[in-house]
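Single-structure report; data block below.
Residue numbers (the numbering used here), protein chains in the order written: chain Z, 1 to 114; chain U, 1001 to 1117.
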């Protein structure tokens, strides 16, 4: 099955700096890569996603890049704000008979210091 | 984004009792919903895939007789933890899949905190 590795496990930045979180996946059949933000005691919130037919997608301060050859994708947050502090999870959607099932990375605790 | 609700948000029960958690997609129909379990400071672990009108598909190691899933309509899936024990205490989160034809997206509910005494 799919295996997703996420790094770093913790990331601390100053307000206004950029933050980058990286994930690698193992199943070349995966074709959907969402990113979720989870605040304490809440469910994950979809913040951006990318499908295998594009290499980059941007939404205001958030961008995601995908390199299918290397099987890795990254989340970029620019001009970070304290409210960006949360746990971020990457995920990959398996193809084949497990179509639609998400495999999650281990999570990154992002702390943005004012 | 789409809205998925869960009820209850928090439940405390005695060991040996059963607890039902509801997951609803409020503004779209979901033929497929998923149930996850999350321990403190850990990632989400998929328990089962719930398909409307058919039996759920359970992940390896998840007891289907203990975690009963019913997906009777396109907007409601329920997870029943039967004969709950303290080790079942966890954060249970559902998600609903919206879209089709390669444009599917999963939206998560707010989670249910279960504490078994």
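C-beta atoms are modelled at their ideal positions from N, C-alpha and C, and glycine is treated no differently.
| query | result |
| --- | --- |
| 8 Å Cβ cut-off: residues of chain U touching residue 49 of chain Z | 1105 |
| Assumed close pair residue 36 of chain Z, residue 2 of chain Z - CB separation to whole angstroms, cut-off 8 Å | About 16 Å separates the two Cβ atoms, so there is no contact after all. |
| 8 Å Cβ cutoff met for residue 1021 of chain U and residue 1117 of chain U | no |
| Which listed residue (Z:41, Z:70, Z:43 and Z:53) has its alpha carbon closest to that of residue 22 of chain Z | Z:70 |
| Residues that residue 106 of chain Z contacts on chain U, provided the C-beta gap is smaller than 9 Å | 1042 and 1043 |
| Same chain only: Cβ atoms within 6 Å of residue 1106 of chain U, ignoring 5 sequence neighbours per side | 1095 and 1097 |
| Residue(s) in a DSSP beta bridge with residue 1047 of chain U | Paired residue(s): none; residue 1047 of chain U is not in a bridge. |
| Coil, strand or helix - residue 44 of chain Z by DSSP | coil |
| Neighbour flag for residue 1093 of chain U against chain Z, beta carbons, 8 Å | yes |
| Residue-level contact to chain Z via CB, residue 1108 of chain U, 8 Å cutoff | yes |
| Helix, strand or coil at residue 34 of chain Z [DSSP, three-state] | strand |
| Under 9 Å by beta carbon: chain U residues contacting residue 34 of chain Z | 1105 and 1106 |
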